[in-house]
């Protein structure tokens, strides 16, 4: 489209010169040629004006430092904030989320999943859970599970060489990049902690500044610089996958994983901590109580799996699903709770999503922003150039007509 619009402009220029030459050679054709000359002349003006306007959005025309050009690169940060505000105001406000969820019956959908009426009150979840637990629990001997499993649990825990296991898990997580969500969550929590304690940090900087810095106001500028730098660093580490600090963290975690697997001192330290936890009376009592409760529930399920699962538990799940599908008041209650929960999520975390969008766009270089926006709307902008050329030509003919009448 850029080539087509430019070619049309060049066609008007060539036509203008040819028509002017014909007008000089054939004066008798002047009344007819006058309209054609007026069309091509005005078309060139319109095409050039729209070329300048379209080009000025993304770059400086002909590289000249003309004021109010290269609008998008110059105003990149303001555009990022505007995009973020648009996203927040139109998609992530509690009112918008509530309005979108108002017509969606979440409770009825959940009820249809929990209890499928086409299977004679047999819940899909109930049938799957009953079959799975029956197969597992029927393979165990109820008379020998008690003390053997409880004693064997502590024995197996003491035999586990925990350090290499933790090292291998950490190494695999790093290799598959499964540690990144945890890292980003930790960085966000650090940012929230800094934000929550910002007055205390400022006060610490003010107290440690000398009298000259406080008198000149440099302590406030220093505090702003420290806090802004911390926020900027955290944001950059979160949004930039190739940030150097991420590489340093990955390198440190890699060394930790390697030490857990190969460093005798590290392995001995982990083993000592594990043994202290196992030998702790509170930990031992918790493990005993947890296993006793689990053992009793498992034994009951083994002795009568139909009653435990397909019976009481399964019927409860099925009845819940049927109630969600048929009880209008229960649907209203569940839907209201779901709306309030999702609205609360939008209220609490919407600003973080918006800030992520804004910071991401701000960290793009100006050329990247211009190229992406031009790639999205550039074809339509070239149509503006074409229309400007043609409309300019028609306006030129109209002016020429009025001039001849006068």
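Numbering (our numbering), first residue to last: 234 to 639. Glycine residues also receive a C-beta, built at the ideal position from the N, C-alpha and C atoms.
| Query | Result |
| --- | --- |
| Proximal residues to residue 238 (C-beta, below 6 Å), its chain only, five neighbours per side dropped | 615, 618 and 619 |
| C-beta atoms of residue 325 and residue 579 nearer than 9 Å | yes |
| Residue burial classification, residue 568 (beta-carbon count within 10 angstroms, cutoff 16) | buried |
| Delimiting residues of the alpha helix (DSSP H) encompassing residue 570 | 561-596 |
| Segment contact flag, the segment 293-310 with the segment 557-575, C-beta cutoff 8 Å, min 3 pairs | no |
| Three-state class that DSSP yields for residue 318 in the structure shown | helix |
| Pair within 9 Å by beta-carbon distance, residue 456 and residue 435 | yes |
| Buried or exposed by the 16-neighbour rule on C-beta atoms within 10 Å, applied to residue 291 | buried |
| Stretch pair the segment 269-281 + the segment 623-637: three plus CB contacts closer than 8 Å | yes |
| Within-9 Å CB hit, residue 575 to chain C | Any reference to chain C falls outside this structure, which holds one protein chain only. |
| From 469, 505 and 474, residue whose alpha carbon lies closest to that of residue 588 | 469 |
| As assigned by DSSP and simplified to three states, the class of residue 338 | coil |
| Residue nearest to residue 311 in terms of C-alpha spacing, selected from 592, 626, 255 and 600 | 592 |
| Three-state secondary structure assigned by DSSP to residue 613 | helix |
| Terminal residues of the alpha helix (DSSP H) in which residue 302 lies | Here residue 302 belongs to no alpha helix (DSSP H), and DSSP marks it neither H nor E. |
| Spatially closest choice to residue 458 from 472, 476, 439 and 412, by CA coordinates | 439 |
| DSSP three-state assignment for residue 308, whether helix, strand or coil | coil |
| When 396, 327 and 234 are compared against residue 497, the one with the closest alpha-carbon | 396 |
| Candidates 403, 428 and 571, of which the one nearest residue 336 by Cα | 571 |
| Delimiting residues of the alpha helix (DSSP H) encompassing residue 239 | 235-258 |
| Local Cβ density within 10 Å of residue 558, reported as buried at 16 or more and exposed below that | buried |
| Buried or exposed by the 16-neighbour rule on C-beta atoms within 10 Å, applied to residue 307 | exposed |
| Rounded straight-line distance, which links the Cα of residue 590 to that of residue 318 | 10 Å |
| Expected contact under 8 Å - CB spacing of residue 421 and residue 471 to nearest Å | 7 Å |
| Status (buried if at least 16 other CB within 10 Å, exposed otherwise) for residue 283 | buried |
| Contact under 9 Å by Cβ, residue 234 with residue 605 | no |
| Nearest candidate by alpha-carbon position, reference residue 635, set 603, 463 and 267 | 267 |
| Residue 463 versus residue 428: straight-line alpha-carbon distance, rounded | 10 Å |
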